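J.: First residue of the sequence shown? That's 416 in the UniProt record's numbering, and the numbers climb one at a time after it. All residues carry an ideal CB built from backbone N, CA and C; glycine is no exception. Keep in mind it's a predicted model, so treat the numbers as computed, not measured. I have a structure here, written as C-alpha cells, and I will follow up with some questions on it.
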Amino acid sequence: ATPIAILVGTGRGAQLGILITGPEALEQADRIDTVVLDKTGTVTTGEMTLGDVTTVPGVSRDEALAVIGALEAVSEHPVARAIADARRGEESVDGFRSHAGRGVTGTVGDLAAFAGKPAFAAERGATIPADLVPAVASAETVGTAVVAGWADADGVPRVRAVFAVADGIRPDSADAIARLRDLGADVVLLTGDNETVARAVAAEAGIPTVVAGVLPEQKVAEIERLRAEGRRVAMVGDGVNDAAALATADLGIAMGGGADAALHASDITLVRSGLPAAADALQLSRRTMRIIR
Ligand code: ADP
Ligand code: MG
C-alpha cells in the first residue's frame, strides 16, 4: 500500500501545480543528485527575437526575409518563429524538411533554400563567405546564429544571410537554480545551441557545468553517461526534442506550456512554467520522504 505521506505529498504537489504521475516518481525525486536543464524555453524564456540580419552583396534584407521567412514559417522551432515573424511576402514552400537539432530545408518559389546552425550550412556544401563571418561570431555571443541561403540555377547552395536570434534568461531562473544546488543537486546545462551562448546563459543563471552543441540523440547519450557514473538524474525540458532525454532520465520533469511530447515523456509535469516549480518539486519530495523514514 502507498504510505499516507506519499498520498499527502502528491496532493500537496497538485496544490502547488506539480503533477506527479505516481508514488514512485516522488520517491525517485527524493533520490535525485543531478539536475540537467534544457536551455531554450527552460532556463531562458524561449521567446526569441530577431536582431541583426546581415546579407551578402546583391541580396537585400527584404529578399532574405522573404525567402528564409517563408521557410522558417513552416518550422515550429523557437528560433524559426523569430525569423518567420519578420517575414516579407507570401512565398509558399515545397518539400519542407526539418533536420532535428540542425536546421531546415525546402523549396521557396523555385529556390532550394536552407537555414540552420553554421555546421548545417557546411553539411550542405555551402561555406560562409568571409564578409559574413563576423556576423556569425557576434550573433553567437548573445544567442543563435542562423546561417541561411539558397541555390542558384546552377544548383550550388550558397550562404546569403546570417540572422541573429536571441532570448533572455527567465527572471526567476537564477534563484531556482541556487535552490536546486542548496538541495544538494549538481546542475548541468544541456543544449543543442552553440557553446558561446550556452556559457553566457550558464554564467548568468549560476550553472557550473555546460554541455553544448549536442544533437537530440546526443542529449540522450549524455543522460545515459551521467547515469552510468552512478548519478540519479532528473531532466527538465519543454520541447519536442527533449522528450527522449526526459524518458531516459531517472526522473523527467516537463515544464508547463511545453510540447505534448515532453508532457507524455515526463514523470512530473509542472503546471507553471519556470524553474521555481522544479525546485518546489524536489523540495516536496525531500520533505515527504523524510516523514516516511
Ligand atoms: P535546444 O537544445 O537549444 O533546444 P535544438 O536541438 O532544438 O536546440 O536546436 C539546436 C540548434 O539547431 C539551434 O540552436 C539552431 O542553431 C539550429 N536549428 C534548429 N532548428 C532550426 C530552424 N528551424 N532554423 C534555424 N536553425 C535551427
Ligand atoms: Mg527547450
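Under 8 Å by Cβ, that's how I've got residue 581 and residue 558 pegged, so tell me the actual separation to the nearest angstrom.
T.: 3 Å
J.: If you reduce the DSSP assignment to three classes, tell me which class residue 521 lands in.
T.: strand
J.: Locate the beta strand (DSSP E) running through residue 531, then write down its first and last residues.
T.: Going by DSSP, residue 531 is part of the beta strand (DSSP E) stretching over 526-531.
J.: Where are the alpha helix (DSSP H) runs, 4 residues long or more, that stay fully inside the region 573-659, in chain order?
T.: 588-597, 610-620, 631-643
J.: Pull up the distance between the alpha-carbon of residue 593 and that of residue 600, whole angstroms please.
T.: Answer to the nearest angstrom: the Cα atoms are 10 Å apart.
J.: With DSSP as the reference, label residue 697 as helix, strand or coil.
T.: helix
J.: Taking 9 Å as the threshold (beta carbon to beta carbon), is residue 596 in contact with chain B?
T.: Chain labels in this structure do not include chain B; a single protein chain is all it has.
J.: Are the CB atoms of residue 596 and residue 602 nearer to each other than 9 Å?
T.: yes
J.: Excluding sequence positions up to five away, which residues of its chain have a Cβ less than 7 Å from the Cβ of residue 745?
T.: This structure does not reach residue 745, given that the chain is present from 416 up to 708, and the question cannot be answered.
J.: Check whether the Cβ atoms of residue 677 and residue 653 sit closer than 9 Å, and answer yes or no.
T.: Cβ distance < 9 Å, so residue 677 and residue 653 count as in contact.
J.: Roughly how many angstroms lie between the CA atoms of residue 572 and residue 695, to the nearest whole one?
T.: 49 Å
J.: When the Cα of residue 483 is compared with those of 578, 438, 425, which residue comes out closest?
T.: Out of 578, 438, 425, 578 has the C-alpha closest to the C-alpha of residue 483.
J.: Using 9 Å as the threshold, is the C-beta distance between residue 423 and residue 703 below it?
T.: yes
J.: DSSP three-state call for residue 571: helix, strand or coil?
T.: coil
J.: Decide yes or no for the touch test of the region 548-562 against the region 605-616: beta carbon pairs closer than 8 Å, at least 3 of them.
T.: yes
J.: Give the range of the beta strand (DSSP E) segment to which residue 467 is assigned.
T.: Element bounds for residue 467: 464-470.
J.: Using DSSP with H/G/I as helix, E/B as strand and the rest coil, what is residue 423?
T.: helix
J.: Whose CA, out of 488, 516, 517, 647, lies closest to the CA of residue 505?
T.: 488
J.: Would residue 670 and residue 456 qualify as a contact pair, given that the criterion is a beta-carbon distance under 9 Å?
T.: yes
J.: So which of 526, 698, 563, 551 has the shortest CA-CA distance to residue 570?
T.: 526
J.: Roughly how far, in whole angstroms, is the beta-carbon of residue 459 from the beta-carbon of residue 585, given that I think they are within contact range, below 8 Å?
T.: 7 Å
J.: Residue 518 to residue 551, Cα distance in whole Å?
T.: 15 Å
J.: Which residues in the same chain have their Cβ closer than 6 Å to the Cβ of residue 673, if we skip the five residues on either side of it in sequence?
T.: 653
J.: Give the list of continuous beta strand (DSSP E) stretches no shorter than 3 residues that lie fully inside the region 429-487.
T.: 433-435, 449-453, 464-470
J.: Exposed or buried, which one is residue 679 when buried takes at least 16 other CB atoms within 10 Å?
T.: exposed
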